[in-house]
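Contents: one structure, followed by commentary.
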Amino acid sequence: MAEETQKYSAIPTLAEERMQVLRRQLLLYLYEKGAPPDHAMASASIEKDLEFTRDELRAVHMAILNEGLVAERARFGFIGLSQRGRIEAQALKDGD
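If you count by this note's numbering, then the sequence shown holds residues 29 to 124, one letter each, in order.
This is the structure we're talking about:
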């Protein structure tokens, strides 16, 4: 009998549909409201303005970080878009 192992992570998981909704909201929000050059915003402001829970923000931030859509500045309490993230956000905006 194989022993089951549980995997634990500090990053919450969300349903795929919910993740896609939050991802879109976050990318568009940063693109439209964030400060140049990387459209950065403080994480606390994002939580408040978009009414994300802390776990939702952590989950979507990790997802877009893994996709390469977030700028390096994100490590200091700000989330900003990389060049690739700005291109993705512009494409989302143009699609509306």
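For every residue, glycine included, the Cβ atom is placed at its ideal position computed from N, Cα and C.
Buried or exposed: residue i, going by 16 or more other Cβ atoms within 10 Å of its Cβ?
i: Phe106; result: buried
i: Met29; result: Because the pLDDT at Met29 is just 47, under 50, the model does not fix this residue reliably, and the point stays unresolved.
i: Glu79; result: exposed
i: Gly123; result: exposed
i: Ile74; result: buried
i: Ile39; result: exposed
i: Ala91; result: buried
Under 7 Å, do residue i and residue j count as touching if we go by C-beta distance?
i: Tyr59; j: Ala99; result: no
Alpha carbon to alpha carbon, how far is residue j from residue i? Give it in angstroms, no decimals.
i: Pro65; j: Gly96; result: 17 Å
i: Met47; j: Gln111; result: 21 Å
i: Ile115; j: Glu84; result: 23 Å
i: Arg52; j: Phe104; result: 22 Å
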